[in-house]
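Working notes, structure below.
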Amino acid sequence: QFTPSDVELRRPGKSYSIDTIRHFRERLNGSLYFILGRDAFVEIESWKNFQNLFSLSNFIVMTRPNLSQVSPIPRVLAPAFRYDQESSEWVHISGNKIFFKEINFLDISSTKVRELVQAGKSIRYLVPPEVEAYIEKHGLYQKGEV
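The numbering of the sequence shown is our numbering, which starts it at 73 and goes up by one.
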């Protein structure tokens, strides 16, 4: 279950992931999972106290399909991890894990939405129902409009 939190909004000054993870670690029982994209993960060594992140939380790294990579773990992190062949998981010395999950990104653009509406085709599942209803109600993107 996901529950939004405004803890970072209420924090004065800069907000760092390590502080947010520590906040939830102190208040919650159970496992934490920090979700981020591959682009952010490969730059994690630029994060404040990045070495400590993995002992406090599991990580889920979202990747694009067929992304070629020699090692999914940045070199600076490698000494603290081992690859478990049986489970196909990267395990930190703390026992926390990094999970790599491929996701398919939808190729959605405002241009594509306009083209579909002009062609009389459905934009269902491409935009929220409220947006679809608004476009239909106000007759937006009809033929001849750009």
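The beta carbon of each residue, even a glycine, is placed where N, CA and C say it ideally should be. These numbers were taken from a predicted model, which means no experiment stands behind them.
**Report entry** Assigned secondary structure, I145 (DSSP; H/G/I helix, E/B strand, else coil)
**Finding:** The residue you call residue 145 lines up with position 73 of the sequence shown. It is coil, neither helix nor strand.
Report task. Figure out for me which residue from Y88, G102, S89, V114 has the closest Cα to the Cα of V148. Result -> Position 76 of the sequence shown, counted from the first residue, corresponds to residue 148. The option with the nearest alpha carbon to V148 is V114.
Query - Secondary structure of K173, DSSP reduced to three states - result: For the purposes of this step, residue 173 is taken as residue 101 along the sequence shown, with counting starting at 1. When secondary structure is reduced to three states using DSSP, K173 falls in the strand class.
Query raised in the report: Which parts of the segment 73-148 are runs of the alpha helix (DSSP H), unbroken and 4 residues or longer, counting only runs that do not cross its ends?
Result: Counting only runs of 4 or more residues that sit fully inside the segment 73-148, the alpha helix (DSSP H) segments are 79-82, 89-99, 110-113, 122-128, in chain order.
**Report entry** When K86, V163, Y105, I90 are compared against Q73, the one with the closest alpha-carbon
**Finding:** Here residue 73 corresponds to residue number 1 of the sequence shown, with the count starting at 1. Among K86, V163, Y105, I90, the Cα nearest to that of Q73 is on Y105.
Query raised in the report: Should L125 be labelled buried (16 or more other beta-carbon atoms within 10 Å of its own) or exposed?
Result: Counted from its first residue, the sequence shown places residue 125 at position 53. Counting the other Cβ atoms within 10 Å of the Cβ of L125 gives 16 or more, which makes it buried.
**Report entry** Rounded C-alpha distance that separates E174 from R136
**Finding:** Position 102 of the sequence shown, counting from 1, holds the residue named residue 174. Position 64 of the sequence shown, counting from 1, holds the residue named residue 136. One alpha carbon belongs to E174, the other to R136, and they sit about 5 Å apart.
Requested in this report: Name the one or two DSSP bridge partners that R154 has.
Outcome: On the sequence shown, residue 154 is found 82 positions in, with the first residue counted as 1. As computed with DSSP, R154 is found in a beta bridge with V163.
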